[in-house]
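Peer 1:
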Amino acid sequence: MGASQSTRKLSVDNENAVQLSPEALNRIQAQLTANQQQEQSTPPPQPPTQYAPPPVYYDSQKRQDAAAEEAYWARRIENLKRAHEKINSGMQLEYEKTLKDANKLFDMVQADKIVLECYSANPNKSLLCSVIVNQFNDCHHALVLSIKV
1 MGASQSTRKL SVDNENAVQL SPEALNRIQA QLTANQQQEQ STPPPQPPTQ
51 YAPPPVYYDS QKRQDAAAEE AYWARRIENL KRAHEKINSG MQLEYEKTLK
101 DANKLFDMVQ ADKIVLECYS ANPNKSLLCS VIVNQFNDCH HALVLSIKV
C-alpha cells in the first residue's frame, strides 16, 4: 500500500519543446564569448583618491568634539543635580511629616507612663488613679479619631 515504488514507467514525448536552429546557437555563443573578452580587456576601475584634510583640521575637529562632549555632560550633570535636589526635598518633607506623627504617638506613650506610676504608687487604691486613666482614655480616643479622619 504505497510502501514500495511502482515498477511501471511512463514516458511522454514533448512535441511542443522549443528547438533552436544551429545558426541561433552560434549567435548566442558568439555573444557570450564577446562579452567575456570585453570583461577581461577592461581593467577594473581604480578607487577614487580621497582628499585627506591636513592634520591641523583633525586637531581642531577633535578639540571641538571634546568641547561639545564636555558641554553635554556638564548639562547632563546639572540636570541630574536638580532632579536629585527635588527628590531630596520631597523626602525631607515626608521625613518631617513622619517624625511629627511619630512624636504624637510617643506623647501618648509618655502619658501611659503616668498612669502606670499612679497604679504602682497606689497598688491597693486603684480608684485614686481613675481621673488620670480617664484623661489618658480621652486623649487616646481623640488620637484614634484624628487618624481615621
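Note that the UniProt record's numbering has the sequence shown beginning at 1, numbered continuously upward. Ideal Cβ positions, reconstructed from N, Cα and C, are used throughout, including at glycine. These numbers come from a predicted model, not from an experiment.
(1) I need the boundaries of the alpha helix (DSSP H) containing Leu25, first residue and last residue.
(2) Below 7 Å between beta carbons: does that hold for Val133 and Val144?
(3) Quick one: grab the DSSP three-state call for Asn134.
(4) Helix, strand or coil, according to DSSP, for Arg75 in the structure here?
Peer 2: Taking the definition as stated:
(1) For Leu25, the enclosing alpha helix (DSSP H) covers residues 22-41.
(2) no
(3) helix
(4) Correct three-state label for Arg75: helix.
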